[in-house]
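Structure first, commentary second.
Encoded structure:
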């Protein structure tokens, strides 16, 4: 059950100062994006604070801050984490916008090329693109990023996040 709708997402964006628009997208595109965000994130959270937390991952991304915590160090110290980032960067930079089909293609390609699964694959991927390692709700955040940019919100695209992450990774 999803207790949240597009209006809830829009209210969070306004309250947090994330509703700033750039010269692309349209009001209709932003409304559709809010509906999609509510659909993808609403069932993953228990309350509005949880919704705001996940939306924050779409709107606030700074790779240096992401990599400057214990969680990130633990993820990056795991088996094949740097290989995941290397392959992910190549796939992100070679492809277009990160839509569900493209995300699925990237994950499939990474599984095939690296022959790893589970947290060894997904935690570095989520850390680089969502700004946090964790579970499947972060994949939904990743799927919202490029759509938010296209709708006119001031966010870093998946491509920009990947470049930034690689530039500050030691």
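Residue numbers (the numbering used here): 50 to 219.
Yeah, the Cβ is synthetic: ideal placement off N, Cα and C, and Gly gets one too.
All figures in this text were calculated on a predicted structure; none of them were measured in a lab.
- For residue 88, DSSP records no beta bridge to any residue.
- Here the C-alpha atom of residue 98 lies approximately 15 Å from the C-alpha atom of residue 56.
- For residue 134, the enclosing alpha helix (DSSP H) starts and ends at 130-143.
- A Cβ-Cβ separation of about 5 Å places residue 106 in contact with residue 179 under the 8 Å criterion.
- Under the DSSP assignment, residue 215 falls in the alpha helix (DSSP H) whose first and last residues are 207-217.
- Comparing C-alpha distances from residue 219 to each of 122, 94 and 141 shows the shortest one belongs to 122.
- For residue 146, the CB contacts under 6 Å within the same chain, skipping 5 residues up- and downstream, are 195 in chain order.
- The beta carbon of residue 203 sits closer than 8 Å to those of 67, 69, 70, 71 and 108, all from its chain and outside the five residues before and after it, given in chain order.
- The region 161-171 makes contact with the region 123-139: 3 or more CB pairs, one atom from each, lie closer than 8 Å.
- Counting C-beta atoms within 10 angstroms of its own C-beta, residue 79 has 16 or more neighbours from the protein chains shown and is therefore classed as buried.
- Separation of residue 101 and residue 192 (C-alpha to C-alpha, rounded to the nearest whole angstrom) is 16 Å.
- When DSSP assignments are scanned along the region 99-130, the uninterrupted stretches of alpha helix (DSSP H) that are 4 or more residues long and fall wholly within it turn out to be 112-116 and 119-125.
- If you draw a straight line from the Cα of residue 212 to the Cα of residue 96, it comes to about 33 Å.
- Looking only at 141, 134, 190 and 181, the smallest Cα-Cα distance to residue 165 is reached by 134.
- Along the region 137-194, the beta strand (DSSP E) does not occur as any fully enclosed run of 3 or more residues.
- Just so you know, the alpha carbons of residue 104 and residue 163 end up roughly 31 Å apart.
- Of the other Cβ atoms in all chains shown, fewer than 16 fall within 10 Å of the Cβ of residue 216; this residue is therefore exposed.
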